[in-house]
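Colleague: Adding 1154 to a residue's 1-based position in the sequence shown gives its number in my numbering.
We put the beta carbon where it would ideally sit given N, CA and C, even for glycine.
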Amino acid sequence: MQDAGKSGRAIGTRRRMRGFTLVELIIAMIIAAILAAIAIPAYSSFVREGRRTDAKSALLDLASLEERFYSTSNTYSSAASDLGYGSAAWPVTVGSGYYQIAQPTVTAAVAPTASSPAGTPASFSLTATPLGDQVNDTACASFTVNSQGVRTALTSGGADNSTTCWK
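Right under this line is the structure:
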């Protein structure tokens, strides 16, 4: 008969071990790290794309305020208070704070002359630029809309990317 010892088991018998080995844990951690390395940048890019809506909707809202102001005063305004922003000063931060809109560029109307029989109508241009983490959105680095309704978007390198960014 074998000695049971302190454990109450017979000497020479093996108890089945439970749990994970160190190698299994390391492999699981490596797999998790690889998945995180792929998922986190993709998620960040997705979030940045979603924030573009803040800039686009703020620009279109401000453009409609400019048109409303024009309908009552026959001129566009570059004053934030005229456009319903109270005492806010330019640039105005919009949405969740990831974009700012610069002071509108306003051009006064020029009456027709002999050299320019059509004259020049009054116009405005609005531009939204990114702030904070949104600066990393290089595909759509700035958004612009003007009084003719032309919407443009530029990459961080200055290339036109309007069709992608304004979709």
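Is it buried or exposed, N1315, if we count other Cβ atoms within 10 angstroms and call 16 or more buried?
Modeller: Numbered from 1 along the sequence shown, position 161 holds the residue referred to as residue 1315. By the 10 Å Cβ count, N1315 comes out buried.
Colleague: In terms of residues, what are the limits of the beta strand (DSSP E) holding Y1197?
Modeller: By one-based count along the sequence shown, residue 1197 stands at place 43. Run containing Y1197: none in the beta strand (DSSP E); it sits in the alpha helix (DSSP H), L1176 to S1227.
Colleague: Just to confirm before moving on: does the CB-CB distance between A1217 and V1299 stay below 9 Å?
Modeller: The sequence position of residue 1217 within the sequence shown is 63, counting from 1. The sequence position of residue 1299 within the sequence shown is 145, counting from 1. Cβ distance < 9 Å, so A1217 and V1299 count as in contact.
Colleague: Determine the DSSP secondary structure at T1281, reduced to helix, strand or coil.
Modeller: If you number the sequence shown from 1, residue 1281 lands on position 127. Strand, per DSSP.
Colleague: What does the alpha-carbon distance come out to for the pair S1225 and L1280?
Modeller: Along the sequence shown, one-based indexing puts residue 1225 at 71. Along the sequence shown, one-based indexing puts residue 1280 at 126. Those two C-alpha atoms are separated by around 18 Å.
Colleague: Excluding the 5 residues flanking S1232 on each side, which residues of the same chain have their C-beta closer than 6 Å to its C-beta?
Modeller: Sequence index remark: in the sequence shown, residue 1232 carries index 78 (1-based). The residues are Q1257, P1258 and V1260.
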